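K.L.:
Dropping the structure in here first, questions after.
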Amino acid sequence: MLRPRVKRIASGILAKKPTLAGLRPIHFHQSDAATDLICIRTIKPHPIVADVIEHDAERLLRESPYNELHQIRCVRRHGVTVLKGTVDSYFLKQLAQETIRGTNGITKINNNIFVNP
Numbered sequence: 005m006l007r008p009r010v011k012r013i014a015s016g017i018l019a020k021k022p023t024l025a026g027l028r029p030i031h032f033h034q035s036d037a038a039t040d041l042i043c044i045r046t047i048k049p050h051p052i053v054a055d056v057i058e059h060d061a062e063r064l065l066r067e068s069p070y071n072e073l074h075q076i077r078c079v080r081r082h083g084v085t086v087l088k089g090t091v092d093s094y095f096l097k098q099l100a101q102e103t104i105r106g107t108n109g110i111t112k113i114n115n116n117i118f119v120n121p
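In structure tokens form, the structure reads like this:
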């Protein structure tokens, strides 16, 4: 598939009609039929609220077949998700971290889970 040349401008993305990298744009800002170019408004994603991220991460931990992970708590601080709690092995500590890694909005994880000796 041929990809149209794309030029980023202040109000959006400028690309050859009719597709942008194989996808049809939904919102058109302006169109210039003479040059066969379209300007597409950029869409800014809504920021995910910390409470929603914490809730989603803790839900994943509660759904785990490992009962010890059900007691782990997640807290968001300055964009970092902090895991807190106690488990019996380093395997479970790592598993808790990997369980929440794919949660939408989580980019950094600080694993403060304590492992019982």
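Counting in the working numbering, the sequence shown runs from 5 upward without gaps. Glycine included, every Cβ here is placed at the ideal spot set by N, Cα and C. The structure displayed is predicted, hence computed values, not measured ones.
1. Between residue 121 and the rest of its own chain, which residues show a CB-CB distance below 8 Å, the 5 nearest in sequence each way excluded?
2. Comparing alpha-carbon positions, which option in 62, 82, 54 lies nearest residue 100?
3. Verify whether the separation of the beta carbon atoms of residue 79 and residue 58 is less than 8 Å.
4. Helix, strand or coil: which one does DSSP assign to residue 103?
5. Straight-line CA distance for residue 69 to residue 96?
6. Within the continuous beta strand (DSSP E) that includes residue 117, where are the two ends?
7. For residue 85 versus residue 117, is the C-beta spacing smaller than 8 Å?
P.N.:
With the structure as the only source:
1. none
2. 62
3. yes
4. helix
5. 11 Å
6. 112-119
7. no
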